[in-house]
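Under my numbering, the letters of the sequence shown match residues 2 to 117, in that order. Note that beta-carbon positions come from the ideal geometry of N, C-alpha and C, so glycine has one too. What follows is a set of notes on a single structure, which appears directly below.
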Amino acid sequence: MEQLLGSRIYVPVVVSLVRRSYARIFLWVHIVSQFFMWMDEGYYDFRWMSDGWNWVIYFVYTALITAFSIAFHRVAFGKSKGSGIKIAASVGFGFVLMAGLLLLLYMNSSWSVYQD
């Protein structure tokens, strides 16, 4: 493996850059998700944090959006150096894909559930 890469330093540097990109993706997904939960679940108040089920929903959303964002980042940008634009595009794509998934689930759900 080292003979193919030509340097022992190359592999840890690339792994470090990739991990740093994933950490930044997770950080931005967390920040944006907190903002959306503050608006939607908390009605512009942080008391939503006192309910445990809101945290379950938050964890599910954040985990899925992070997974979508990292998958997009890996496919679209490979092992290239992570820049702010690439990370923002990945996070944006993750949120758009999650919104599309929720819309698809809503459109294909049973309407009798929503009737009184």
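A straight line joining the alpha-carbon of LYS80 with that of ILE71 spans about 12 Å. GLY95 is positioned such that its CB atom lies closer than 9 Å to that of PHE73. Taking 9 Å as the cut-off, the beta carbon of GLY93 is found no closer than this to the beta carbon of ARG21. Non-local beta-carbon contacts of ALA68 in its own chain, meaning distances under 6 Å to residues more than five positions away in sequence, are absent.
Segment contact: the region 45-56 against the region 95-104, fewer than three CB-CB distances shorter than 8 Å; contact not assigned. Taking 8 Å as the upper bound for CB-CB distance, TYR62 and SER34 are in contact here, some 6 Å apart.
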